[in-house]
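In what follows, a structure is listed as structure tokens, so that the remarks can point back to it.
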Amino acid sequence: MVLNAAWNVSIPLASENALPCYDREGYNKILENAKPLNDLDGRHFSAFTYLRLSPMFMEKDNFVEFGKFVNRMQGEAVSDLQDNPNRRDTKLEGTDTNLGGREKVETIYRHLTNL
1 MVLNAAWNVS IPLASENALP CYDREGYNKI LENAKPLNDL DGRHFSAFTY
51 LRLSPMFMEK DNFVEFGKFV NRMQGEAVSD LQDNPNRRDT KLEGTDTNLG
101 GREKVETIYR HLTNL
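This is the structure we're talking about:
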């Protein structure tokens, strides 16, 4: 209700995760709020901050899932994730031409694990 009220009067919205999130189900909930699938106006969050960097977050499987989440935040619809959870990720249209979401996440991961 708050999201729609703000969007209806053209107020940009930003958000963050309050709890740790490491799995597809949690990321889907974030995506459903950030980029509503059936919103004909294409309304979405103007920014999203991912909080809770931890050793568990940095585990390979969790970090790979985060990379998929980043790709979807950059342009892929939530339905793509729900319809085919085993689909391999590819570089998406609309992402940075130098680095796609997956490459950005891999670069961040390499940097953080080398600290």
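Last residue of the sequence shown: number 115 in full-length UniProt numbering, and the count goes up by one each step with no gaps.
Backbone N, C-alpha and C define an ideal beta-carbon position, used for all residues, glycine too.
None of the values given here were measured: they were computed from a predicted structure.
Taking 9 angstroms as the cut-off, the beta carbon of Ala14 is found closer than this to the beta carbon of Phe45. Taking Gly67 as reference, the option from Gly42, Asn17, Thr107 with the minimal CA-CA separation is Thr107. Contact between Tyr22 and Met58 is ruled out by a C-beta separation of about 10 angstroms, above the 8 angstroms threshold. Remark: C-beta atoms of Leu19 and Met73 do not approach each other more closely than 9 angstroms.
Its Cα nearest to that of Phe48, the residue Glu16 stands out among Ser54, Glu65, Glu16. Here Glu16 is bridged, per DSSP, to Thr49.
The residue among Glu25, Gly42, Asn38 with its C-alpha nearest the C-alpha of Phe69 is Glu25. Put simply, the backbone Cα of Ala6 is about 10 angstroms away from that of Arg43. Boundaries of the alpha helix (DSSP H) around Arg72: 60-73.
If you look at Arg24, you'll find it in the alpha helix (DSSP H) that goes 24-34.
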